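Structure first, then comments.
Protein chains: 2
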Amino acid sequence: MATDNALTAEQILSTAEDVLRRFGPAKATVVDIARALGVSHGSVYRHFPSKAALREAVTQRWLDRAHDELAAIAAEPGPAAERLHRWLATLFAAKRQKALEDPELFATYMVLVGEVSGTVEEHVDTLVAQIRQIVEDGVRRGEFRDAPAGPVARSVFLATAHFHDPAHAAEWSRPAARDDFEALWSLLLEGLRGR
Amino acid sequence: MATDNALTAEQILSTAEDVLRRFGPAKATVVDIARALGVSHGSVYRHFPSKAALREAVTQRWLDRAHDELAAIAAEPGPAAERLHRWLATLFAAKRQKALEDPELFATYMVLVGEVSGTVEEHVDTLVAQIRQIVEDGVRRGEFRDAPAGPVARSVFLATAHFHDPAHAAEWSRPAARDDFEALWSLLLEGLRGR
Numbered sequence: 001m002a003t004d005n006a007l008t009a010e011q012i013l014s015t016a017e018d019v020l021r022r023f024g025p026a027k028a029t030v031v032d033i034a035r036a037l038g039v040s041h042g043s044v045y046r047h048f049p050s051k052a053a054l055r056e057a058v059t060q061r062w063l064d065r066a067h068d069e070l071a072a073i074a075a076e077p078g079p080a081a082e083r084l085h086r087w088l089a090t091l092f093a094a095k096r097q098k099a100l101e102d103p104e105l106f107a108t109y110m111v112l113v114g115e116v117s118g119t120v121e122e123h124v125d126t127l128v129a130q131i132r133q134i135v136e137d138g139v140r141r142g143e144f145r146d147a148p149a150g151p152v153a154r155s156v157f158l159a160t161a162h163f164h165d166p167a168h169a170a171e172w173s174r175p176a177a178r179d180d181f182e183a184l185w186s187l188l189l190e191g192l193r194g195r
Numbered sequence: 001m002a003t004d005n006a007l008t009a010e011q012i013l014s015t016a017e018d019v020l021r022r023f024g025p026a027k028a029t030v031v032d033i034a035r036a037l038g039v040s041h042g043s044v045y046r047h048f049p050s051k052a053a054l055r056e057a058v059t060q061r062w063l064d065r066a067h068d069e070l071a072a073i074a075a076e077p078g079p080a081a082e083r084l085h086r087w088l089a090t091l092f093a094a095k096r097q098k099a100l101e102d103p104e105l106f107a108t109y110m111v112l113v114g115e116v117s118g119t120v121e122e123h124v125d126t127l128v129a130q131i132r133q134i135v136e137d138g139v140r141r142g143e144f145r146d147a148p149a150g151p152v153a154r155s156v157f158l159a160t161a162h163f164h165d166p167a168h169a170a171e172w173s174r175p176a177a178r179d180d181f182e183a184l185w186s187l188l189l190e191g192l193r194g195r
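Keeping their order, the protein sequence lines are chains A and B. Heads up, the first sequence is in full-length UniProt numbering, so the first residue is 1 and it goes up one at a time. Heads up, the second sequence is in full-length UniProt numbering, so the first residue is 1 and it goes up one at a time.
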């Protein structure tokens, strides 16, 4: 149990995730979350002005969970092709892990994600910007052909949707998923290198 | 109203589609379909041995609706790059039209498609085989690099999922969808050509 004074936003978000998983996104209330924390609902509202704001923050936190590792890969020095492959493989692994290890929480977040299209768009923009960073490095290093990095980065993101968009989660446990990923990567790498 | 004698499978499938759209996939029964046709449900069962078989046939017919045009493009002579671009654009246009012009029927079919994973797999195999036919022509003509056509064809199909997989239907009306498609096509074409 948290005391009102020590209550942090992170504690609220973590408990909110538990409560959402337990009660489902349709039924979980701020009062349920406050009760699980052993505080008044006013204490929760001091951190998050509304139930909608709290749900959005929980979703954002979930979406961003693999971001730090991905951002680090994007910022690394070294060959761009290897980094982009590792970046995509890391994203795929993170998504697959979320979907397969805790399907109930994943389903909960699918509902929440449907409520906050703005948050999802920001999340996608952040990921595409990281791909772009690697693509620009690749062009600078002479690994990739010189093409507008913005559209190329977005194309790489769209082309790999099968391996990171939750809409495809049901296909991630297929035995062929890894071979499919590598075959697609080979095609994209050829496309990035160009003639 | 069809007489029992003249009743064709196509009439049943077409009426079944209307009934499914009207009553929804959870409620539509073979009796409803027979009533709409003005025949006994026995007449329907003479063509389709079970409700499940009928639902599967209706779904198959819907999935295949754009197939003839696509198969024709795959079988044409002429430059492979242009044909593959046209094949993908035709598939995207057909899916987009289904989703946007009759969203209710589209939603109905999304439920049916979820019931018949085998039918969907066959549908995907047929489409990938058509891409493969064009890719092999491209390699023969010296347009595309010589790479295993099977995995390459599957990669092209997966890479363009954003533009044909119903899971992405909500994104097809975005103004940027066409630009996204062309940018992705450029990247894939470079990949097919190789160095």
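Note that beta-carbon positions come from the ideal geometry of N, C-alpha and C, so glycine has one too. Quick caveat: nothing in here was measured; it's all calculated off a predicted structure.
{"Check": "Under 8 Å by beta carbon: chain B residues contacting A/V152", "Outcome": "A183 and L187"}
{"Check": "Any 3 or more C-beta pairs closer than 8 Å across the stretch 171-183 of chain A and the stretch 140-155 of chain B", "Outcome": "yes"}
{"Check": "Alpha-carbon spacing of B/H164 relative to A/R35, whole angstroms", "Outcome": "46 Å"}
{"Check": "Separation of B/E101 from B/T176, as counted between CA atoms", "Outcome": "According to the sequence provided, residue 176 of chain B is Ala. The question's Thr does not apply to it. Rounded to the nearest angstrom, the two C-alpha atoms are 19 Å apart."}
{"Check": "Proximal residues to A/A159 (C-beta, below 8 Å), its chain only, five neighbours per side dropped", "Outcome": "L184 and L188"}
{"Check": "Alpha-carbon spacing of B/L105 relative to B/A9, whole angstroms", "Outcome": "20 Å"}
{"Check": "First and last residue of the uninterrupted alpha helix (DSSP H) at residue 227 of chain B", "Outcome": "One cannot answer for residue 227 of chain B here, as it falls past the ends of chain B, which runs 1 to 195."}
{"Check": "Chain A contact for B/R195 (CB, 8 Å cutoff)", "Outcome": "yes"}
{"Check": "Three CB pairs or more closer than 8 Å across the stretch 24-40 of chain A and the stretch 80-91 of chain A", "Outcome": "no"}
{"Check": "Near-chain B residues of the stretch 160-175 of chain A (beta-carbon distance less than 7 Å), N- to C-terminal order", "Outcome": "A161, H162, A167 and H168"}
{"Check": "Chain B residues whose Cβ lies nearer than 7 Å to that of A/D180", "Outcome": "R154 and L158"}
{"Check": "Residue-chain proximity (A/G42, chain B), Cβ-Cβ < 8 Å", "Outcome": "no"}
{"Check": "Buried/exposed call for A/K95, threshold 16 Cβ in 10 Å", "Outcome": "buried"}
{"Check": "B/P151 in three-state terms, based on DSSP", "Outcome": "helix"}
{"Check": "Interface flag, A/E190 vs chain B, CB-CB below 8 Å", "Outcome": "yes"}
{"Check": "Proximity to A/E171 [Cα-Cα], best of B/W172, B/E171, B/A161 and B/A169", "Outcome": "B/A161"}
{"Check": "Counted within 10 angstroms of its Cβ, other Cβ atoms place A/A167 as buried (16 or more) or exposed", "Outcome": "buried"}
{"Check": "First through last residue of the alpha helix (DSSP H) which encompasses B/G191", "Outcome": "A177 to R193"}
{"Check": "Buried versus exposed, by CB contacts within 10 Å (16 or more), A/R55", "Outcome": "buried"}
{"Check": "Rounded distance between the beta-carbons of B/L37 and B/I12, thought under 8 Å", "Outcome": "7 Å"}
{"Check": "B/A129 and B/V139 closer than 8 Å at C-beta", "Outcome": "no"}
{"Check": "Within the UniProt domain \"HTH tetR-type\" (6-66) of chain B, ranges of the alpha helix (DSSP H) (whole runs, at least 4 residues)", "Outcome": "9-23, 30-37, 41-47 and 51-63"}
{"Check": "Closest Cα partner of A/V124 within the set A/K51, A/R195 and A/L91", "Outcome": "A/L91"}
{"Check": "Euclidean distance between Cα positions of B/P103 and B/R21", "Outcome": "10 Å"}
{"Check": "Unbroken alpha helix (DSSP H) run spanning residue 232 of chain A, endpoints", "Outcome": "Coverage of chain A is limited to positions 1 through 195, which leaves residue 232 of chain A absent and any answer about it impossible."}
{"Check": "Whole-number beta carbon distance between A/L112 and A/V58, since they are thought to touch under 8 Å", "Outcome": "7 Å"}
{"Check": "Range covered by the alpha helix (DSSP H) that runs through A/R86", "Outcome": "A80 to E101"}
{"Check": "A/R141 and B/R195 closer than 8 Å at C-beta", "Outcome": "no"}
{"Check": "Proximal residues to A/A28 (C-beta, below 6 Å), its chain only, five neighbours per side dropped", "Outcome": "V19 and L20"}
{"Check": "Cα-Cα separation, A/T119 to A/I134", "Outcome": "23 Å"}
{"Check": "Distance between A/E143 and B/P79 (C-alpha atoms, nearest Å)", "Outcome": "29 Å"}
{"Check": "Member of B/G42, B/W62, B/Y109 and B/A53 whose CA lies at the smallest distance from the CA of B/F23", "Outcome": "B/Y109"}
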